[in-house]
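Student: Going by the working numbering, the sequence shown opens with residue 51, and the numbers climb by one from there.
Yeah, the Cβ is synthetic: ideal placement off N, Cα and C, and Gly gets one too.
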Amino acid sequence: MRRSVRIGGATLAAVVCWGIGCGENARLLNPSFINYTSGGIVPLTPGPNSGFVLVRAINTTPLNIRFVVTAEHPSQIVGTNGVITTQIVPETVRLQTFPQASANEMGILFNCPVSRVGLGENIDFPSTQPGLFLGAVPGGVEGFGVPGSVNPLDADAGNFSCGDTLIFQASPENGRVGNVRVDSFVLSAADQPAQVSGPDTFNNARTVIEEFAFTE
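1. Considering only the beta carbon of each residue, do residue 212 and residue 167 sit closer than 8 Å?
2. DSSP on residue 157, reduced to helix/strand/coil?
3. Considering only the alpha carbon of each residue, which of 192, 216 and 156 lies closest to residue 205?
4. Short of 6 Å in beta carbon distance, which residues of its chain neighbour residue 140, apart from the five on each side in sequence? Order them along the chain.
5. If you pair each beta-carbon of the stretch 233-241 with each one of the stretch 94-107, do three or more pairs fall below 8 Å?
6. Looking only at C-alpha atoms, which of 157, 162, 149 and 155 sits nearest to residue 138?
7. Span of the beta strand (DSSP E) holding residue 194?
8. How many angstroms separate the CA atom of residue 72 from the CA atom of residue 255?
9. Name the DSSP bridge partner or partners of residue 127?
10. Considering only the beta carbon of each residue, do residue 214 and residue 103 sit closer than 8 Å?
11. Rounded to whole angstroms, what's the CA-CA distance from residue 252 to residue 106? Just pull it up for me.
12. Would you mind sorting residue 111 into buried or exposed? The rule is 16 or more other CB atoms within 10 Å of its CB.
13. Strictly by DSSP, which residues pair up with residue 106?
14. From residue 257 to residue 193, what does the alpha carbon distance come to, in whole angstroms?
15. Candidates 134, 118, 99 and 183: which alpha carbon is nearest residue 173's?
16. Report the rounded CA-to-CA distance for residue 198 versus residue 189, giving the unit in angstroms.
17. Residue range of the beta strand (DSSP E) that residue 231 falls in?
Right, dumping it as structure tokens:
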């Protein structure tokens, strides 16, 4: 079961005070605090002990952009004959961003294991599948869909591991479809400080989720 808890708030100082909502679909947060830290105050990556992969969507354009982010989760299925097969379960979320500096980032915490993460509902087609919706308005128009044209990040290929932070950044560039370019980056948990002086935010989030989780 893929369970998500959305988290909101521009100042992610203490996870219990983030405006956490223990919902069913996704863990959503606005990690703008990352712009103002260097990694020693609050963690920039969830870390492997949290059981999360953090995906950040950053909008540096003058447009509203809704990012379509899909993570693939491998799930083992035991057949009636006892044979174990691996099934890939996709999880897609839409992250709404705005050009204002206080609202140009949104993020999602995906439960591990995560095998691949990309833009679009089908990440096998990054050059044709709409991965961004330009001009999207919450509760209104979806906007103009354009491909992200960035390959999915693949854990099996060594692009990332559980506990890392993945970043998809949209920037203005003339000549591209929609005049928007997307780049992807990875912040490795292994490269982060072992200790932080502030709250252990992501592990706190895991604790809160487990305390308030319910089973359907």
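Tutor: Put simply:
1. Residue 212 is not a Cβ neighbour of residue 167, given a cutoff of 8 Å.
2. Strand, per DSSP.
3. Check the Cα spacing between residue 205 and each of 192, 216 and 156: the tightest is with 216.
4. These residues qualify, in order along the chain: 120 and 122.
5. In short, these stretches touch, since the Cβ pair count reaches three.
6. With distances taken between Cα atoms, residue 138 lies closest to 162.
7. Unbroken beta strand (DSSP E) run through residue 194: 194-197.
8. Residue confidence for residue 72 is low, a pLDDT of 29 falling below 50, so the modelled location carries little weight; the figure read from the coordinates is stated next. Each residue's Cα considered, the two are about 10 Å apart.
9. Partner(s): 135.
10. Their beta carbons are under 8 Å apart, which means residue 214 touches residue 103 by this criterion.
11. C-alpha of residue 252 to C-alpha of residue 106: approximately 14 Å in a straight line.
12. Result: buried.
13. Residue 106 is bridged to 157 and 217.
14. Annotation: residue 257 to residue 193 spans about 37 Å, alpha carbon to alpha carbon.
15. Selected option, being the one with the closest Cα: 118.
16. For residue 198 and residue 189, the distance between alpha carbons rounds to 23 Å.
17. From DSSP, the beta strand (DSSP E) with residue 231 extends over 230-237.
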